[in-house]
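Visitor: Handing you this structure, nothing more for now.
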Amino acid sequence: MHSTLNLSCKSSLKYKKMKTMKNLVIIALMLTALTSYAAKSTSTVPVKKVTTVQFNNVKKGHFLTIKDALEVTLYKETIMSNGNYTQQFDLTTLANGNYSIELDQDNKIISQQFNVTNGVVSFSTENVFYKPVAVQKNEQILISQLASSDEVLDVQIYYNDSLIHEDEISDAAVLNRIYQLSTDMQGEYLIVMKSAGKTFYKSITL
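This is the structure in structure tokens:
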């Protein structure tokens, strides 16, 4: 089942202060102490001050992050149980600019972009990014990625810390390649996959 994001608004709530990361200017990102995992359906109410972030069908170990336009993480949380996730934030105190709320799942990242202008929060459409996958099958490396838009997949293969191959995969609904490894080159391989500004790693041994 797919996770979905719903955004709603409430007033007269108590918050506890959260600090930003990486010694940046302090951003008053407020977070309520009420986090729940419910089995009921969620609803959408226009955003005013307090934004309720809700994802359905989350799993323990997934990550929720809030990032700025430079991909700097302002808030990060590890999902602690399976079910539906609910958390409330005051995003109106963020500096003017563009931000994103991301749910990092096993095989995809759900991203909700939003903008803050003079305390007014406005959300754009939800995006789904599918992670590239690298699988070893004997002496072959199979790489694939479902392209949800116009993603380009850059692949680098390292053998014992030396770059031995580079490739760029694009212009397809499913980006895939099969690489044949030499049986004479036994050892450690590192596959580096870059797409949409994100980097993924896969280590294999031949």
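To convert, count from 1 in the sequence shown and add 52; that's the numbering used here.
Where is the CB? At the ideal position from N, CA and C, for every residue including glycine.
1) Can you tell me whether DSSP reads Thr-169 as helix, strand or coil?
2) Going by DSSP in three states, Ala-224 sits in which element: helix, strand or coil?
3) Contact between the region 114-131 and the region 146-154 is defined here as three or more beta-carbon pairs at a separation below 8 angstroms; is this criterion met?
4) Using 8 angstroms as the threshold, is the C-beta distance between Gln-197 and Glu-178 below it?
5) Residues in its own chain within less than 6 angstroms of Ala-121 by CB, not counting five upstream and five downstream?
6) Scan the region 169-196 and note each continuous beta strand (DSSP E) run of 3 residues or more that stays entirely inside, going in chain order.
7) Tell me which same chain residues have a C-beta within less than 6 angstroms of the C-beta of Asn-228, skipping the five on either side of it?
8) When we look at the beta-carbon of Ile-243 and count the other beta-carbons within 10 Å, is it buried (16 or more) or exposed?
9) Smallest Cα separation from Ser-133: which of Thr-103, Lys-111, Tyr-211?
10) Where does Lys-111 fall in DSSP's three states?
11) Report the rounded CA-to-CA distance for Ser-247 versus Asp-213, giving the unit in angstroms.
12) Please classify Gly-239: does DSSP put it in a helix, a strand, or coil?
13) Considering only residues of the same chain and omitting the five flanking positions on each side of Tyr-210, which have a CB-CB separation below 6 angstroms?
14) When DSSP labels each residue in this structure, what does Thr-144 get in the three-state scheme?
15) Going by the beta-carbon positions, is the gap between Ile-256 and Gln-192 smaller than 8 angstroms?
Guide: Taking the definition as stated:
1) strand
2) coil
3) yes
4) no
5) Gly-149, Asn-150
6) 172-182, 185-189
7) Ser-196
8) buried
9) Lys-111
10) coil
11) 21 angstroms
12) coil
13) Leu-242
14) coil
15) no
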